[in-house]
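For the protein sequence lines, the chains are A and B, in the order given. First residue of the first sequence? That's 0 in numbering that gives the first Met the number 0, and the numbers climb one at a time after it. First residue of the second sequence? That's 0 in numbering that gives the first Met the number 0, and the numbers climb one at a time after it. For each residue, glycine too, the CB sits at the ideal point set by N, CA and C.
There are 2 protein chains.
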Amino acid sequence: MRTVTIADVAKHAGVAVSTVSYVLSGKRAISATTRQRVLDSVRALGYHPNAGARALASKRAKVIALVLPLRAGMNLPVLMRFATSVVTTARQYDHDVLLMTADEGPDGLHRVAASALVDGLLLMDVEIHDPRVPLLRKLAQPSVLIGFPADPHGLTCVDLDFARAGTLCADHLAGLGHREIALLGAPRVVYERGTGFAERTLAGFVEGALRHGLEADARPCEESFDEVHATVKLLLDERPRLSGLVVHNEAAAGHVLGALRILGRRVPEDVSVVAICPDDIAERASPALTSVLIPAEDVGRQAVRLLMAKLEGQAVPESTLLEPRLTIRESSR
Amino acid sequence: MRTVTIADVAKHAGVAVSTVSYVLSGKRAISATTRQRVLDSVRALGYHPNAGARALASKRAKVIALVLPLRAGMNLPVLMRFATSVVTTARQYDHDVLLMTADEGPDGLHRVAASALVDGLLLMDVEIHDPRVPLLRKLAQPSVLIGFPADPHGLTCVDLDFARAGTLCADHLAGLGHREIALLGAPRVVYERGTGFAERTLAGFVEGALRHGLEADARPCEESFDEVHATVKLLLDERPRLSGLVVHNEAAAGHVLGALRILGRRVPEDVSVVAICPDDIAERASPALTSVLIPAEDVGRQAVRLLMAKLEGQAVPESTLLEPRLTIRESSR
DNA sequence: CCTTCGCGTCGAAGCGCTTCGATGACCTGC
DNA sequence: GCAGGTCATCGAAGCGCTTCGACGCGAAGG
Chain A
0 MRTVTIADVA KHAGVAVSTV SYVLSGKRAI SATTRQRVLD SVRALGYHPN
50 AGARALASKR AKVIALVLPL RAGMNLPVLM RFATSVVTTA RQYDHDVLLM
100 TADEGPDGLH RVAASALVDG LLLMDVEIHD PRVPLLRKLA QPSVLIGFPA
150 DPHGLTCVDL DFARAGTLCA DHLAGLGHRE IALLGAPRVV YERGTGFAER
200 TLAGFVEGAL RHGLEADARP CEESFDEVHA TVKLLLDERP RLSGLVVHNE
250 AAAGHVLGAL RILGRRVPED VSVVAICPDD IAERASPALT SVLIPAEDVG
300 RQAVRLLMAK LEGQAVPEST LLEPRLTIRE SSR
Chain B
0 MRTVTIADVA KHAGVAVSTV SYVLSGKRAI SATTRQRVLD SVRALGYHPN
50 AGARALASKR AKVIALVLPL RAGMNLPVLM RFATSVVTTA RQYDHDVLLM
100 TADEGPDGLH RVAASALVDG LLLMDVEIHD PRVPLLRKLA QPSVLIGFPA
150 DPHGLTCVDL DFARAGTLCA DHLAGLGHRE IALLGAPRVV YERGTGFAER
200 TLAGFVEGAL RHGLEADARP CEESFDEVHA TVKLLLDERP RLSGLVVHNE
250 AAAGHVLGAL RILGRRVPED VSVVAICPDD IAERASPALT SVLIPAEDVG
300 RQAVRLLMAK LEGQAVPEST LLEPRLTIRE SSR
């Protein structure tokens, strides 16, 4: 039971190999009758083009690389959601996805690119001074980044508009009449790493609070319950009249509610809480959290679309910021 | 700046193309001096073999498929950890990983296999009556399954020994002197899906409890705080002297502690809690949970090893059960 | 009626690599 | 001193596909 090749199909259909190829690729006109005959043979023999041969001859592997980070502080569920959406979208464009971890570093990217294993790259969680960025500029293959390096010039970057997300939270709380609010942020290491999104959220939050004339505070925070409890307590001790809390730390969101309960503050009666986190986390919490979602699915879909456009040789914007949306649930009033 | 081919290397080193190939593959003896000359040229020119050409000529793509599920009830962080360990291990064997989602179904597997895109497949979360299993038996490529279908004959399956995990929990609680214990399980849908692992845990738990002559109870449980709270309350109402709780539901583990707190039971003074969950979840909880870990990393590594062995034509065991380990933390005494 | 032009199809030349059989060069042992 | 055997290297034949130029044929145009 040898594997079926295009030559087998050609013989079965009584046409030339090239004709089969053209039927399958649609790159030249083929009469309806011939096309049908070929298609029938393809089905009858169960033909599947050999990926290697196709890649060799056409210089297109129909595979894109997805490079995921796996460092501390990354939210795994979101990453997974993102990956899923990338795979699903890529399949819609008839491409497959090669999964890579960031710890292979620039060399890993160079390897898959130089060996023509992939036609394009998708990098998640790009840092401000990312050592992979200079390499990407040299590569023959196009790439799309999730996140923004210091100089995005000549690159294609996608991200949630975190500054807007921060502002949106401040706006929401201000609109509800709160006068003293605070941001409970990501673990300190995230800020230090300079990934950018944490700072941008903070900046947007502060800007929004200022614009509304609110008293605003902000703290990084680790993810353990004890740390969250301590930070919330600190915030509350320093500002007894604090009545609005923005949480930009998915892992901590649930703990914040627990801590407030223990500290004798009711949510939302005493303190309104707004989270910047995926919807499922917000919904699972009790009370359900008013939240600005991180639309992992949208980001993935958009990133793949941009990459596919680049593969087609189309021009695409350097920067794509996804508009955040605030969903009001039970934790704010 | 054309891409460098093996012919360029051969010319640069003053040898035949085949000699370069043999140097790189090590499949024939090459003199030390020639080898060095070739290696120098490779480096000087920055040569990387073209993956498509290599795959075509050698019939080995050096890529394996990783098929991940994305259904309700799956724990995303564990999935991600698993994927990471698969990628890392595969790289050690000089292979890359093609990421697929289970929703492409049997057709998707058939596609990547028939097109020789991959040399082998790794399927996560196999169900008792998995529609993909009959296909796997027909494929030219070897595969390894995480989980067990009804008839594992002729396949290669890896999993945590969930029955042992359940028993281990019962043993631990019995050893601490508890007489009435209960298992708080996965969401009902997980049992209904017949994935097997939930039942096996339950069976192991019951068996262990019986052997020690304990009173034992068990309930499936959804993941929301409210549901967990309700289930814990029910358990406690029915058995006021319940003093040991096994939680086999990662998402609920944290909520269980919260519920017990609200219900006025101290952990571990009044109730000992043992979880079957990844270490990080157990450690993050407060108090830290005594737990049997789901060793996602081990499973991934082991699965890749088995697949690589099969690719080399070696015989491997049909069934590999990974021994669970119980880590004692603060939540049991 | 003959030229011209598309349209549909074919044949062949690669794409860059692996692998097989062949070829020398050199050594060994009788 | 020569048959036999190694060892290192080479050349060439594919692997299965895409793509380019060529070609035959019927329709349209002069």
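Let's see if you can read the secondary structure: which residues bound the beta strand (DSSP E) around Leu201 of chain B?
Looking at the DSSP string, Leu201 of chain B is not in any beta strand (DSSP E); the run it does join, the alpha helix (DSSP H), is Phe196 to Arg210.
I want to verify the contact list: residues of chain A whose CB lies under 7 Å from the CB of Pro48 of chain B, in sequence order.
What Pro48 of chain B touches in chain A: Ser114.
Going along the chain, which residues of its own chain have a beta-carbon closer than 7 Å to the beta-carbon of Leu201 of chain B, five neighbours each way excluded?
So the list reads Gly165, Leu182, Gly184 and Ala217, once near-sequence residues are dropped.
Using a beta-carbon distance below 8 Å, is Gly257 of chain A in contact with chain B?
Yes, Gly257 of chain A lies at the interface with chain B (some Cβ there is under 8 Å from its Cβ).
List the DSSP bridge partners of Arg218 of chain B.
Note: Arg218 of chain B sits in a beta bridge opposite B:Leu183.
Return the first residue and the last residue of the beta strand (DSSP E) that Ser318 of chain B is part of.
It spans Ser318 to Leu321 - the beta strand (DSSP E) in which Ser318 of chain B sits, taken as one unbroken run.
What residue does the alpha helix (DSSP H) around Met79 of chain A start on, and which one ends it?
Here the alpha helix (DSSP H) through Met79 of chain A covers Leu75 to Gln91.
Do the CB positions of Val273 of chain A and Val85 of chain A come within less than 8 Å of each other?
No, these two residues do not count as a Cβ contact at 8 Å.
Taking all protein chains shown into account, do 16 or more other C-beta atoms lie within 10 angstroms of the C-beta of Pro277 of chain A, making it buried, or fewer, making it exposed?
Pro277 of chain A comes out buried.
Using the C-alpha atoms, what's the distance from Ile63 of chain B back to Leu172 of chain B?
Cα to Cα, the separation comes out at about 42 Å.
Could you round the C-beta distance between Thr100 of chain B and Leu67 of chain B to whole angstroms and report it? I think they count as a contact, below 8 Å.
That pair is a contact at about 6 Å.
For Gly146 of chain A versus Asp124 of chain A, is the C-beta distance shorter than 8 Å?
Yes, the pair counts as a contact, with Cβ atoms nearer than the cut-off.
For the region 35 to 45 of chain B against the region 8 to 23 of chain B, do three or more pairs of beta-carbon atoms, one drawn from each stretch, fall closer than 8 Å, so that the two count as touching?
Cβ pair count under 8 Å is three or more, so yes.
Round the Cβ separation of Arg238 of chain B and Glu179 of chain B to the nearest angstrom and send it over; I've been treating them as touching at under 8 Å.
Sure, about 5 Å apart at Cβ, within 8 Å.
Going by DSSP in three states, Leu154 of chain A sits in which element: helix, strand or coil?
In the structure shown, Leu154 of chain A sits in coil (DSSP, three-state: anything other than H, G, I, E or B).
Have a look at A:Thr326, A:Ala52 and A:Thr319 and flag the residue whose alpha-carbon is nearest the alpha-carbon of Cys156 of chain A.
That would be A:Thr319, whose Cα lies nearest to the Cα of Cys156 of chain A.
Please report how far the alpha carbon of Leu167 of chain A lies from the alpha carbon of Glu282 of chain A, in whole angstroms.
So the alpha carbons of these two residues sit roughly 19 Å apart.
When you compare the CB positions of Val298 of chain A and Leu321 of chain A, do they come within less than 8 Å of one another, or not?
Yes.
Can you list, in chain order, the residues of the region 222 to 234 of chain B whose Cβ is nearer than 7 Å to any Cβ on chain A?
Within the region 222 to 234 of chain B, the qualifying residues are Glu222, Ser223, Phe224 and Asp225.
Any chance you could list the beta strand (DSSP E) runs of at least 3 consecutive residues sitting entirely within the region 93 to 144 of chain B, in chain order?
Listed in chain order, the complete beta strand (DSSP E) runs (minimum 3 residues) inside the region 93 to 144 of chain B are 95 to 100 and 119 to 122.
Ile327 of chain B lies in the beta strand (DSSP E); which residues open and close that run?
That residue, Ile327 of chain B, is in no beta strand (DSSP E); it is neither H nor E in DSSP.
Cβ closer than 8 Å: which chain B residues qualify as neighbours of Glu103 of chain A?
Residues of chain B passing the Cβ test: Arg90.
Is Leu154 of chain B closer than 8 Å to Leu138 of chain B when the C-beta atoms are compared?
Cβ distance not < 8 Å, so Leu138 of chain B and Leu154 of chain B don't count as in contact.
Consider the Cβ of Pro186 of chain A: report whether some Cβ of chain B lies at a distance smaller than 8 Å.
Answer no: the Cβ-Cβ gap between Pro186 of chain A and chain B never drops below 8 Å.
List, in chain order, every chain B residue whose beta-carbon is nearer than 7 Å to that of Pro76 of chain A.
Those are Leu75 and Pro76, listed as they occur along chain B.
Measure the beta-carbon distance from Leu97 of chain A to Val77 of chain A and round it to whole angstroms, keeping in mind my assumption that it falls under 8 Å.
Not quite, the Cβ-Cβ distance comes to about 21 Å (not below 8 Å), so this is no contact.
Whether or not the region 251 to 270 of chain A and the region 203 to 215 of chain A are in contact is what I'm after, with contact meaning three or more pairs of Cβ atoms, one per stretch, closer than 8 Å; do they touch?
Because the criterion of three Cβ pairs below 8 Å is not met, the region 203 to 215 of chain A and the region 251 to 270 of chain A do not touch.
Quick one: grab the DSSP three-state call for Leu69 of chain A.
Correct three-state label for Leu69 of chain A: coil.
Rounded to whole angstroms, how far is the Cβ of Gln140 of chain A from the Cβ of Leu120 of chain A, which I believe are closer than 8 Å?
6 Å between Cβ atoms; contact.
Taking CB distances under 8 Å as the criterion, tell me whether Glu166 of chain A reaches chain B.
The residue asked about is misnamed: residue 166 of chain A is Thr in this sequence, not Glu. So, not an interface residue.
DSSP beta-bridge partners for Gly243 of chain A?
Looking at the DSSP assignment, Gly243 of chain A forms a beta bridge with A:Ile180 and A:Ser271.
Could you tell me the alpha carbon to alpha carbon distance between Lys232 of chain A and Cys220 of chain A, rounded to whole angstroms?
Taking the straight line joining both Cα atoms gives about 12 Å.
Would a check of beta-carbon distances place Asp160 of chain B closer than 8 Å to chain A?
Answer no: the Cβ-Cβ gap between Asp160 of chain B and chain A never drops below 8 Å.
Compare the C-beta of Gly119 of chain B against all C-beta atoms of chain A and say whether one is closer than 8 Å.
No, Gly119 of chain B lies away from the interface with chain A (no Cβ there is under 8 Å from its Cβ).
Would you give the residue range spanned by the beta strand (DSSP E) that Thr4 of chain A belongs to?
Note, Thr4 of chain A: premise wrong, no beta strand (DSSP E); not H, not E.
If you follow the beta strand (DSSP E) that Ser290 of chain A is part of, which residue opens it and which one closes it?
Segment Thr289 to Val291, the beta strand (DSSP E) holding Ser290 of chain A.
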